[in-house]
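Just so you know, we're using our numbering here: the sequence shown kicks off at 1373 and counts up by one. Below is one structure, written out as structure tokens, with a few remarks after it.
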Amino acid sequence: MTIYVDIDETICTLGKHSGTRYTRDYKLAVPRQEQIDKINKLYDEGHEIVYWTARGGATGVDWSDLTKEQLKQWGCKHTRIETQKKPSWDLFIDDKTKRIEEI
């Protein structure tokens, strides 16, 4: 099964800042290890894990190098990473559709 996983507020948190919803300073993202462990288990079971993010989609800032480094540092197992293009998936895990806590 191909499983797309959103990054922000799914496997990491950005937190509150200065009255705005999120900092959007992705360098300050904090990993949510329990969620990462759940996704890693799915990978270990043979599922294709694709991390997908729209980071920089609205601002045009390229966060891809930082994102790849964060996934490596956090120990996120995955098949590939996609940014900004519309994915085609069997299951999409996101903080807005299927909450990771429900897995």
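For each residue, glycine too, the CB sits at the ideal point set by N, CA and C.
Counted within 10 angstroms of its Cβ, other Cβ atoms place residue i as buried (16 or more) or exposed
i, result
"Val1377", "buried"
"Gln1407", "buried"
"Thr1431", "exposed"
Per DSSP, cross-strand counterpart(s) of residue i
i, result
"Val1422", "Tyr1376 and Arg1452"
"Thr1385", "Val1402"
"Ile1349", "No statement about residue 1349 is possible, as the shown extent of the chain runs from 1373 to 1475 and does not include it."
"Leu1463", "Ile1375"
Proximity winner among the options, relative to residue i (alpha-carbon distances)
i, options, result
"Asp1409", "Ile1375, Thr1374, Ile1383 and Asp1466", "Ile1383"
"Gly1429", "Tyr1415, Glu1441, Leu1414 and Thr1455", "Thr1455"
"His1419", "Thr1451, Arg1427 and Ser1436", "Thr1451"
Beta-carbon proximity check, residue i vs residue j, cutoff 8 Å
i, j, result
"Leu1443", "Ile1453", "yes"
"Asp1434", "Ala1401", "no"
"Tyr1415", "Lys1449", "yes"
"Asp1462", "Thr1374", "yes"
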